[in-house]
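Working notes, structure below.
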(Lines of atoms letter the chains of each structure in order from A; the text may use other names.)
(Lines give C-alpha, C1' and ligand atoms only; values in the text may rest on other atoms or scores of the structure.)
Protein backbone atom coordinates (compact mmCIF):
# COMPACT_ATOMS: atom_id res chain seq x y z
CA UNK A 3 0.00 0.00 0.00
CA UNK A 4 3.02 2.32 0.09
CA UNK A 5 3.73 4.81 -2.67
CA UNK A 6 7.26 5.42 -3.89
CA UNK A 7 8.44 8.53 -5.67
CA UNK A 8 11.66 10.20 -6.72
CA UNK A 9 12.47 13.89 -6.77
CA UNK A 10 15.24 15.12 -9.06
CA UNK A 11 17.14 18.30 -9.81
CA UNK A 12 17.89 18.58 -13.52
CA UNK A 13 19.71 21.00 -15.78
CA UNK A 14 19.24 20.79 -19.55
CA UNK A 15 17.51 17.42 -19.00
CA UNK A 16 20.61 16.08 -17.18
CA UNK A 17 19.87 14.77 -13.66
CA UNK A 18 22.15 16.29 -11.00
CA UNK A 19 20.50 15.17 -7.76
CA UNK A 20 17.98 12.55 -6.70
CA UNK A 21 16.00 11.90 -3.52
CA UNK A 22 14.19 8.55 -3.18
CA UNK A 23 11.11 8.70 -0.95
CA UNK A 24 8.08 6.73 0.18
CA UNK A 25 4.77 7.47 1.85
CA UNK A 26 3.54 6.98 4.51
CA UNK A 27 6.26 7.28 7.16
CA UNK A 28 6.58 4.84 10.06
CA UNK A 29 7.77 1.78 8.10
CA UNK A 30 9.41 -1.21 9.77
CA UNK A 31 12.86 -0.27 11.01
CA UNK A 32 12.04 3.39 11.59
CA UNK A 33 11.82 5.29 14.86
CA UNK A 34 8.13 5.89 14.11
CA UNK A 35 7.35 2.21 13.55
CA UNK A 36 3.82 1.54 14.80
CA UNK A 37 2.92 5.24 14.97
CA UNK A 38 -0.08 6.58 13.07
CA UNK A 39 1.75 9.17 10.98
CA UNK A 40 -1.31 9.95 8.88
CA UNK A 41 -1.97 10.07 5.16
CA UNK A 42 0.66 11.87 3.12
CA UNK A 43 3.52 11.61 5.61
CA UNK A 44 6.87 11.07 3.89
CA UNK A 45 9.94 8.97 4.65
CA UNK A 46 13.22 8.03 3.02
CA UNK A 47 12.99 4.94 0.82
CA UNK A 48 14.27 2.61 3.57
CA UNK A 49 13.06 -0.26 5.70
CA UNK A 50 14.49 -2.91 8.06
CA UNK A 51 16.58 -4.32 5.20
CA UNK A 52 18.40 -0.99 4.75
CA UNK A 53 22.00 -0.44 5.84
CA UNK A 54 22.51 3.11 4.58
CA UNK A 55 20.55 5.93 2.95
CA UNK A 56 21.81 9.00 1.16
CA UNK A 57 20.82 11.42 -1.57
CA UNK A 58 22.46 10.86 -4.94
CA UNK A 59 24.44 13.94 -5.95
CA UNK A 60 26.29 14.20 -9.25
CA UNK A 61 30.00 15.16 -9.20
CA UNK A 62 29.03 17.79 -11.78
CA UNK A 63 26.90 19.59 -9.19
CA UNK A 64 28.52 22.93 -8.39
CA UNK A 65 26.19 23.93 -5.52
CA UNK A 66 25.00 20.79 -3.69
CA UNK A 67 23.55 22.79 -0.77
CA UNK A 68 21.13 24.59 -3.10
CA UNK A 69 20.21 21.32 -4.82
CA UNK A 70 19.37 19.65 -1.50
CA UNK A 71 17.29 22.66 -0.49
CA UNK A 72 15.36 22.45 -3.79
CA UNK A 73 14.63 18.76 -3.19
CA UNK A 74 13.46 19.38 0.37
CA UNK A 75 11.20 22.26 -0.66
CA UNK A 76 9.62 20.05 -3.31
CA UNK A 77 9.15 17.29 -0.74
CA UNK A 78 7.58 19.86 1.58
CA UNK A 79 5.12 20.80 -1.17
CA UNK A 80 4.33 17.11 -1.63
CA UNK A 81 3.72 16.83 2.13
CA UNK A 82 1.08 19.56 2.09
CA UNK A 83 -0.67 19.64 5.46
CA UNK A 84 0.45 16.13 6.43
CA UNK A 85 2.36 15.48 9.62
CA UNK A 86 5.99 14.58 9.14
CA UNK A 87 9.03 13.89 6.96
CA UNK A 88 11.40 11.21 8.27
CA UNK A 89 14.88 10.18 7.12
CA UNK A 90 16.89 7.36 8.69
CA UNK A 91 20.03 5.22 8.19
CA UNK A 92 21.95 8.42 7.37
CA UNK A 93 25.72 8.37 7.70
CA UNK A 94 26.66 10.94 10.33
CA UNK A 95 30.00 11.44 8.52
CA UNK A 96 28.30 12.47 5.26
CA UNK A 97 28.14 16.16 4.39
CA UNK A 98 24.77 15.43 2.77
CA UNK A 99 23.27 14.60 6.17
CA UNK A 100 24.10 18.06 7.52
CA UNK A 101 22.82 19.70 4.34
CA UNK A 102 19.57 17.75 4.60
CA UNK A 103 19.08 18.80 8.22
CA UNK A 104 19.67 22.48 7.43
CA UNK A 105 17.38 22.34 4.41
CA UNK A 106 14.50 20.84 6.39
CA UNK A 107 14.83 23.57 9.02
CA UNK A 108 14.90 26.22 6.28
CA UNK A 109 11.67 24.75 4.86
CA UNK A 110 9.86 25.60 8.10
CA UNK A 111 9.83 22.16 9.71
CA UNK A 112 10.52 21.54 13.41
CA UNK A 113 13.60 19.41 12.79
CA UNK A 114 15.33 17.05 15.22
CA UNK A 115 18.18 14.56 14.89
CA UNK A 116 18.55 11.30 16.80
CA UNK A 117 20.86 8.30 16.93
CA UNK A 118 19.21 5.62 14.80
CA UNK A 119 21.76 2.80 15.03
CA UNK A 120 25.48 1.97 15.01
CA UNK A 121 27.67 0.82 12.13
CA UNK A 122 30.97 -1.00 12.69
CA UNK A 123 33.59 -0.90 9.94
CA UNK A 124 37.29 -1.25 9.17
CA UNK A 125 39.38 0.98 6.92
CA UNK A 126 41.57 -1.37 4.87
CA UNK A 127 43.37 1.09 2.61
CA UNK A 128 46.74 0.83 4.34
CA UNK A 129 46.92 -2.87 5.12
CA UNK A 130 46.76 -6.35 3.61
CA UNK A 131 45.05 -9.45 4.95
CA UNK A 132 48.04 -10.51 7.06
CA UNK A 133 48.21 -7.04 8.58
CA UNK A 134 44.48 -7.09 9.22
CA UNK A 135 44.71 -10.43 11.05
CA UNK A 136 47.73 -9.30 13.11
CA UNK A 137 45.66 -6.35 14.29
CA UNK A 138 43.04 -8.71 15.80
CA UNK A 139 43.56 -9.86 19.38
CA UNK A 140 45.68 -12.93 20.06
CA UNK A 141 42.61 -14.63 21.52
CA UNK A 142 40.58 -14.09 18.33
CA UNK A 143 43.41 -15.38 16.12
CA UNK A 144 43.96 -18.49 18.23
CA UNK A 145 40.23 -19.29 18.36
CA UNK A 146 39.94 -18.96 14.59
CA UNK A 147 42.94 -21.24 13.97
CA UNK A 148 41.61 -23.83 16.42
CA UNK A 149 38.12 -23.82 14.91
CA UNK A 150 39.37 -24.14 11.33
CA UNK A 151 41.71 -26.98 12.31
CA UNK A 152 38.92 -28.76 14.17
CA UNK A 153 36.59 -28.56 11.17
CA UNK A 154 39.26 -29.80 8.78
CA UNK A 155 40.03 -32.77 11.05
CA UNK A 156 36.39 -33.73 11.55
CA UNK A 157 34.94 -33.11 8.07
CA UNK A 158 35.81 -32.65 4.44
CA UNK A 159 35.95 -28.85 4.54
CA UNK A 160 35.34 -26.67 1.49
CA UNK A 161 34.86 -22.91 1.32
CA UNK A 162 33.71 -21.16 -1.85
CA UNK A 163 33.08 -17.52 -2.81
CA UNK A 164 30.49 -17.08 -5.56
CA UNK A 165 30.87 -13.77 -7.41
CA UNK A 166 28.79 -14.21 -10.58
CA UNK A 167 25.57 -15.87 -11.72
CA UNK A 168 27.12 -18.87 -13.49
CA UNK A 169 25.85 -21.16 -10.68
CA UNK A 170 22.88 -19.07 -9.56
CA UNK A 171 20.48 -21.98 -8.98
CA UNK A 172 22.99 -23.87 -6.83
CA UNK A 173 23.98 -20.80 -4.81
CA UNK A 174 20.37 -19.91 -4.10
CA UNK A 175 19.40 -23.48 -3.22
CA UNK A 176 22.37 -23.84 -0.83
CA UNK A 177 21.60 -20.49 0.79
CA UNK A 178 17.92 -21.35 1.26
CA UNK A 179 18.84 -24.73 2.76
CA UNK A 180 21.04 -23.07 5.37
CA UNK A 181 18.61 -20.24 6.10
CA UNK A 182 15.64 -22.61 6.48
CA UNK A 183 17.61 -24.75 8.96
CA UNK A 184 18.79 -21.68 10.93
CA UNK A 185 17.12 -19.98 13.86
CA UNK A 186 16.12 -16.97 11.78
CA UNK A 187 12.55 -16.01 10.97
CA UNK A 188 11.38 -16.59 7.39
CA UNK A 189 11.88 -13.66 5.02
CA UNK A 190 8.92 -11.32 5.07
CA UNK A 191 8.94 -11.20 1.27
CA UNK A 192 9.76 -14.50 -0.42
CA UNK A 193 11.03 -12.96 -3.68
CA UNK A 194 13.51 -10.60 -2.05
CA UNK A 195 16.52 -12.90 -1.67
CA UNK A 196 16.12 -14.62 -5.07
CA UNK A 197 15.96 -11.22 -6.78
CA UNK A 198 18.90 -9.89 -4.75
CA UNK A 199 21.00 -12.89 -5.77
CA UNK A 200 19.90 -12.77 -9.41
CA UNK A 201 20.57 -9.07 -9.87
CA UNK A 202 23.57 -8.76 -7.58
CA UNK A 203 25.48 -11.73 -8.99
CA UNK A 204 24.65 -10.76 -12.59
CA UNK A 205 26.21 -7.34 -11.94
CA UNK A 206 29.06 -8.94 -9.93
CA UNK A 207 28.19 -6.68 -7.00
CA UNK A 208 27.38 -9.58 -4.66
CA UNK A 209 29.72 -12.01 -2.94
CA UNK A 210 28.17 -15.15 -1.47
CA UNK A 211 30.45 -17.18 0.77
CA UNK A 212 29.56 -20.82 1.43
CA UNK A 213 31.10 -23.29 3.86
CA UNK A 214 30.51 -26.97 3.06
CA UNK A 215 31.12 -29.88 5.42
CA UNK A 216 31.10 -33.29 3.70
CA UNK A 217 29.47 -31.56 0.69
CA UNK A 218 26.63 -30.19 2.81
CA UNK A 219 26.09 -26.38 2.94
CA UNK A 220 26.46 -25.37 6.60
CA UNK A 221 27.19 -21.61 6.73
CA UNK A 222 26.80 -18.62 4.43
CA UNK A 223 27.93 -14.99 4.32
CA UNK A 224 26.51 -12.48 1.81
CA UNK A 225 28.28 -9.19 1.04
CA UNK A 226 27.24 -6.30 -1.20
CA UNK A 227 30.08 -4.50 -3.02
CA UNK A 228 29.76 -0.84 -3.97
CA UNK A 229 32.37 1.85 -4.60
CA UNK A 230 35.14 -0.25 -3.03
CA UNK A 231 33.13 -0.92 0.11
CA UNK A 232 31.91 -4.38 1.18
CA UNK A 233 28.86 -4.59 3.44
CA UNK A 234 27.97 -7.82 5.21
CA UNK A 235 24.28 -8.06 4.47
CA UNK A 236 23.09 -11.56 5.33
CA UNK A 237 24.48 -14.52 7.18
CA UNK A 238 23.27 -17.79 8.67
CA UNK A 239 24.45 -21.23 9.71
CA UNK A 240 22.94 -24.63 10.44
CA UNK A 241 22.47 -24.89 14.25
CA UNK A 242 23.34 -28.59 14.08
CA UNK A 243 26.97 -27.48 13.64
CA UNK A 244 26.92 -24.61 16.13
CA UNK A 245 29.62 -26.07 18.40
CA UNK A 246 32.10 -25.88 15.50
CA UNK A 247 31.50 -22.12 14.91
CA UNK A 248 31.33 -22.47 11.11
CA UNK A 249 30.32 -18.83 10.63
CA UNK A 250 33.51 -17.58 12.29
CA UNK A 251 35.67 -19.70 9.99
CA UNK A 252 33.78 -18.63 6.87
CA UNK A 253 33.91 -14.98 7.94
CA UNK A 254 37.71 -14.95 7.87
CA UNK A 255 37.84 -16.79 4.53
CA UNK A 256 35.40 -14.27 3.02
CA UNK A 257 37.29 -11.25 4.35
CA UNK A 258 40.51 -12.66 2.89
CA UNK A 259 38.83 -12.91 -0.53
CA UNK A 260 37.35 -9.41 -0.29
CA UNK A 261 40.77 -7.96 0.51
CA UNK A 262 42.97 -10.09 -1.73
CA UNK A 263 40.76 -10.53 -4.80
CA UNK A 264 38.24 -7.67 -4.72
CA UNK A 265 40.69 -5.17 -3.16
CA UNK A 266 38.01 -3.47 -1.10
CA UNK A 267 39.04 -0.36 0.81
CA UNK A 268 36.48 -0.75 3.60
CA UNK A 269 34.41 -3.50 5.12
CA UNK A 270 31.43 -3.16 7.43
CA UNK A 271 28.91 -5.45 9.10
CA UNK A 272 25.76 -3.42 8.43
CA UNK A 273 23.86 -1.77 11.26
CA UNK A 274 23.89 -2.90 14.88
CA UNK A 275 26.64 -3.18 17.49
CA UNK A 276 26.50 -6.83 18.47
CA UNK A 277 29.49 -7.89 20.62
CA UNK A 278 31.05 -10.27 18.04
CA UNK A 279 31.49 -7.38 15.57
CA UNK A 280 34.00 -5.67 17.87
CA UNK A 281 36.39 -8.60 17.47
CA UNK A 282 36.63 -8.08 13.71
CA UNK A 283 35.99 -4.37 13.19
CA UNK A 284 37.69 -1.74 15.35
CA UNK A 285 36.00 1.42 14.04
CA UNK A 286 32.42 2.63 14.36
CA UNK A 287 30.24 5.53 13.37
CA UNK A 288 26.66 6.51 14.02
CA UNK A 289 23.79 6.21 11.61
CA UNK A 290 21.48 9.06 12.37
CA UNK A 291 17.84 9.83 11.79
CA UNK A 292 16.07 13.12 11.11
CA UNK A 293 12.47 13.87 12.05
CA UNK A 294 10.93 17.01 10.49
CA UNK A 295 7.54 17.75 12.09
CA UNK A 296 4.99 19.91 10.30
CA UNK A 297 4.00 22.66 12.79
CA UNK A 298 0.87 23.40 10.75
CA UNK A 299 -0.47 19.87 11.25
CA UNK A 300 -2.37 18.78 14.38
CA UNK A 301 -0.99 15.25 13.98
CA UNK A 302 2.49 16.67 13.39
CA UNK A 303 2.34 18.60 16.66
CA UNK A 304 1.05 15.49 18.43
CA UNK A 305 3.93 13.40 17.10
CA UNK A 306 6.38 16.12 18.14
CA UNK A 307 5.01 16.17 21.70
CA UNK A 308 5.07 12.37 21.84
CA UNK A 309 8.68 12.26 20.62
CA UNK A 310 9.80 15.02 23.00
CA UNK A 311 8.01 13.33 25.92
CA UNK A 312 9.73 10.03 25.22
CA UNK A 313 13.15 11.69 25.20
CA UNK A 314 12.45 13.43 28.51
CA UNK A 315 11.32 10.17 30.12
CA UNK A 316 14.43 8.34 28.88
CA UNK A 317 16.67 11.05 30.31
CA UNK A 318 14.86 10.98 33.66
CA UNK A 319 15.10 7.19 33.86
CA UNK A 320 18.81 7.35 33.01
CA UNK A 321 19.43 10.02 35.66
CA UNK A 322 17.51 8.03 38.28
CA UNK A 323 19.33 4.80 37.38
CA UNK A 324 22.71 6.53 37.52
CA UNK A 325 21.83 8.03 40.91
CA UNK A 326 20.85 4.67 42.42
CA UNK A 327 23.88 2.96 40.91
CA UNK A 328 26.26 5.57 42.36
CA UNK A 329 24.46 5.49 45.68
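Residue numbers (this note's numbering): 3 to 329.
Every residue, glycine too, gets a C-beta built ideally from N, C-alpha and C.
Only a predicted model underlies this, so the values are computations on that prediction, with no experimental measurement involved.
Tell me the DSSP secondary structure of residue i in three-state form.
i, result
"residue 248", "helix"
"residue 196", "helix"
"residue 2", "For residue 2 there is no data in the structure shown, the boundaries of the chain being 3 and 329."
"residue 228", "strand"
"residue 236", "strand"
"residue 325", "With a pLDDT of only 45 at residue 325, under 50, the local geometry of the prediction cannot be trusted, and the value read off the model is given with reservation. Helix, per DSSP."
"residue 278", "helix"
"residue 3", "coil"
"residue 262", "helix"
So, are the CB atoms of residue i and residue j less than 7 Å apart?
i, j, result
"residue 41", "residue 299", "no"
"residue 220", "residue 240", "yes"
"residue 22", "residue 11", "no"
"residue 222", "residue 242", "no"
"residue 235", "residue 251", "no"
"residue 85", "residue 296", "yes"
"residue 263", "residue 230", "no"
"residue 293", "residue 88", "yes"
"residue 217", "residue 157", "no"
"residue 146", "residue 254", "yes"
"residue 248", "residue 213", "yes"
"residue 8", "residue 48", "no"
"residue 30", "residue 74", "no"
Residue i lies in the alpha helix (DSSP H); which residues open and close that run?
i, result
"residue 76", "66 to 81"
"residue 19", "No alpha helix (DSSP H) contains residue 19, which is instead part of the beta strand (DSSP E) from 16 to 25."
"residue 179", "170 to 183"
"residue 155", "140 to 156"
"residue 98", "97 to 108"
"residue 132", "131 to 136"
Take the Cβ of residue i as the centre, count every other Cβ of all protein chains shown within 10 Å, and call the residue buried at 16 or more, exposed below.
i, result
"residue 270", "buried"
"residue 325", "At residue 325, the pLDDT of 45 sits below 50, so the modelled position is not reliable and the matter cannot be decided from this model."
"residue 79", "exposed"
"residue 277", "exposed"
Could you spell out where the beta strand (DSSP E) holding residue i opens and where it closes?
i, result
"residue 88", "86 to 93"
"residue 124", "112 to 125"
"residue 208", "208 to 215"
Could you tell me whether the region 116 to 136 touches the region 277 to 294, using the rule of 3 or more Cβ pairs below 8 Å? Here the region 116 to 136 makes contact with the region 277 to 294; the two share three or more CB pairs at distances below 8 Å.
Below 8 Å, can you find three or more Cβ-Cβ pairs linking the region 41 to 59 to the region 23 to 32? Result yes; three or more Cβ-Cβ pairs closer than 8 Å.
Count Cβ pairs between the region 138 to 152 and the region 191 to 204 that sit closer than 8 Å; are there 3 or more? Verdict: no, contact absent.
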